[in-house]
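Chains as they are written, first to last, in my numbering: chain A, 217 to 501; chain B, 217 to 501. Here a beta-carbon is modelled for each residue, glycine too, at the ideal position from N, C-alpha and C.
There are 2 protein chains.
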Amino acid sequence: MLIIESIADMRQFVRQAWAAGKTVGLVPTMGALHEGHLTLMRQACAACDVVVASIFVNPIQFGPKEDFAAYPRDLASDSEKAAAAGVAAIFHPSVAEMYPTGFSTYVRVEGITEKLCGRSRPGHFQGVTTVVNKLFHIVQPDKAFFGQKDAQQVLVLQRMVQDLNMDVSLEVVPIVREADGLAKSSRNVYLSPEERQAALVLSRSLAKAQQAVAAGECDVAVLRELVTEEIAAQPLATVDYVELYGYPGLEDIDRLSGRALLALAVKIGRTRLIDNCILEAKACF
Amino acid sequence: MLIIESIADMRQFVRQAWAAGKTVGLVPTMGALHEGHLTLMRQACAACDVVVASIFVNPIQFGPKEDFAAYPRDLASDSEKAAAAGVAAIFHPSVAEMYPTGFSTYVRVEGITEKLCGRSRPGHFQGVTTVVNKLFHIVQPDKAFFGQKDAQQVLVLQRMVQDLNMDVSLEVVPIVREADGLAKSSRNVYLSPEERQAALVLSRSLAKAQQAVAAGECDVAVLRELVTEEIAAQPLATVDYVELYGYPGLEDIDRLSGRALLALAVKIGRTRLIDNCILEAKACF
């Protein structure tokens, strides 16, 4: 497996793949690879002839008080895992390679970026759309793979690709969880053993909402309250948001009707975690 | 020559060109084709196997009080001219094809868009970068051709292509002028015979500045004053801006040193015209 650091070399690598008539898959990551990322990579390898994984901790998607400096970085370990998953090349550019002096172009999706994580993290999605736009231009993949864990990110990127007529297919892969339900996340390494246990409140509260919907509950306020109470009962947890929107449009709803996204962001100690599920109302009116 | 109205058909056309091993050139226009556009098309045909010209009056680059509705449109005449210049296909989408309901993604270049036309026309360059970004994704040209008449637009698009790592080469073609010096523009059709004569003040004032520089003048304030006075002497003309910046960085300068962009926007009656030249100081200190 190659580790490629320059944009020029990355372009040359994919040109060679095209010349050989091969399809190219891209898995954009910030590294600290876990089973969620590796699932993306394996699916990419199943669907494409040559798979590139990018590992780039993207400074412009972090707020000034967020964990850019502390974000876990371990290229050696990541490389082993990616190679085992079948990845052909890791694209691992420096910040200066991606954002040289004078850089001043940004891609922004309006509307759906102003809710959920967009409200808690102003500028975050502009950072995501800008870097993914660049990665799509550098690698020019046939398919790019993203995890449903970042449900809003997926919707924002789908919007960008559609609006800007980008010639790439976005493939969305379900959330991968630990045996006890915690969604895999690079930020889970921040958790102390006690916090790790407390973090189960995210998936548990989602499950409660799903059970309530299965039992016929359709009132959005009731469902949000159910989740909020469950989280409030965990002393180490602080709610950032618990939101329920129509899916995939993220429109405001009072009652379930068709699909809805239940999404949460919760601080466990100092670590902010997100999780979500799609609720499907069957008997609401 | 084909006239293609849908994005899907446009993509299919270029895929066929690629399959035949042909290079693709793109000339983005808003129609009302004049000799400037046709020069771009002829150069594109000389440099590329297959040339696409887009004709799309892009609503999002016009301000609310600008001439979007009145902008000259004549597809029949434009088609004849483009075909004669060697263009293989015109891409002529509807506004709904380019900006369907729910469209909400914008590409923005910061910094250099805040001067010159960016100051007079807020939102203009975001409209330009967004539509050109879309056109580049739809047509995926090897080379795209733009006129130096829109000097700031060229700098903004170069910035976008570089920052977003777009895989396209921008080719810049010199200003084409009428025999008496007026820069060719689709908006020249708005001018009455009297205004047409008055409009010569733009190129004449640029020429005065060039003569002054050739005679050793290096003081930016003096050069701006020279141009402003020349325009003020023409009763039908109103200055929007007369600006002189370092080129290509558009940095503020007090004295000429190397290349500088002298750019002007002038209203002749109700018609806003722009013109520019590159000044090259040889003996300044």
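Among the residues of chain A, those whose CB is under 7 Å from the CB of B/Lys350 are Leu380 and Asn381, following chain order. Restricted to the region 417 to 488 of chain A, the beta strand (DSSP E) segments that are unbroken, complete and at least 3 residues in length are 453 to 462 and 474 to 484, listed in chain order.
Around the beta carbon of A/Gln228, fewer than 16 other beta carbons sit within 10 angstroms, so the residue counts as exposed. Assigned with DSSP and collapsed to three states, B/Asp366 falls in helix. Taking B/Ser336 as the centre and dropping the five residues before and after it, the same chain places the C-beta of Asp456, Tyr457 and Ala481 closer than 7 Å to its C-beta, in chain order. With a threshold of 16 other beta carbon atoms within 10 Å, B/Lys365 meets it and is buried.
In the three-state reduction of the DSSP assignment, A/Ser270 falls in the strand class. Residue pairing of B/Ser385 in beta bridges, as defined by DSSP: B/Lys359. Residue contact with chain A for B/Val325: present (Cβ-Cβ distance below 7 Å to some residue of chain A). Close to chain A, meaning a Cβ-Cβ distance shorter than 7 Å, are the following residues of the region 311 to 325 of chain B: Phe319, Ser320, Thr321, Tyr322, Val323, Arg324 and Val325. Taking 7 Å as the cut-off, the Cβ atoms of B/Ala415 and B/Leu422 do not count as close. A straight-line Cα-Cα distance of about 33 Å links B/Val436 and B/Ser385. Contact of A/Ile354 with chain B is assigned, a C-beta pair being separated by under 7 Å.
One finds nothing in chain A with a Cβ atom closer than 7 Å to the Cβ of B/Arg475; even the nearest lies about 17 Å away. The beta carbon of B/Val392 is closer than 6 Å to those of Glu251, Gly252, Thr255 and Lys400 in its chain, skipping five residues each way along the sequence.
In the structure shown, the three-state DSSP call for B/Val392 is coil. According to the DSSP assignment, B/Leu218 belongs to the beta strand (DSSP E) that extends over Leu218 to Ile220. A/Glu221 and A/Pro316 have their C-alpha atoms spaced approximately 14 Å apart. Residue-level contact by beta carbon holds for B/Met376 and chain A, with a gap shorter than 7 Å. For B/Ala305, the enclosing beta strand (DSSP E) covers residues Ala305 to Phe307.
The residue among B/Ala224, B/Glu433, B/Lys483 and B/Glu411 with its C-alpha nearest the C-alpha of B/Phe307 is B/Ala224. Look at B/Leu254 here: in three-state DSSP terms it is helix. Beyond the five residues adjoining it in sequence on each side, A/Ser270 comes within less than 6 Å, by CB distance, of Pro244, Phe307 and Leu351 in the same chain, given in chain order. When 7 Å is used as the limit between beta carbons, A/Ile223 is near these residues of chain B: Asn381, in chain order.
A check of alpha carbon separations from A/Leu291 across A/Met217, A/Gly237, A/Leu477 and A/Val344 identifies A/Met217 as the nearest. For the pair A/Ala425 and A/Leu442, the CB atoms are nearer than the 7 Å cut-off.
Sorting B/Glu445, B/Thr487 and B/Ala479 by C-alpha distance to the C-alpha of B/Cys333 places B/Ala479 at the top. Exclusion of the five residues before and after B/Ala233 leaves Val240 and Val266 as the residues of its chain whose Cβ lies within less than 6 Å of its Cβ. By the CB criterion at 7 Å, A/Ile484 and A/Ala448 fall outside the cutoff. The C-alpha of A/Val429 lies about 45 Å from the C-alpha of B/Pro309. Here the C-alpha atom of A/Thr329 lies approximately 14 Å from the C-alpha atom of A/Glu459. Taking C-alpha positions only, A/Ala248 is separated from A/Ser293 by approximately 8 Å. Taking B/Val348 as the centre and dropping the five residues before and after it, the same chain places the C-beta of Pro244 and Leu373 closer than 7 Å to its C-beta, in chain order.
In the DSSP annotation of this structure, the continuous segment of the beta strand (DSSP E) that includes B/Val325 starts and ends at Thr321 to Val325. DSSP places B/Gly237 outside both helix and strand once states are collapsed to three, so it counts as coil.
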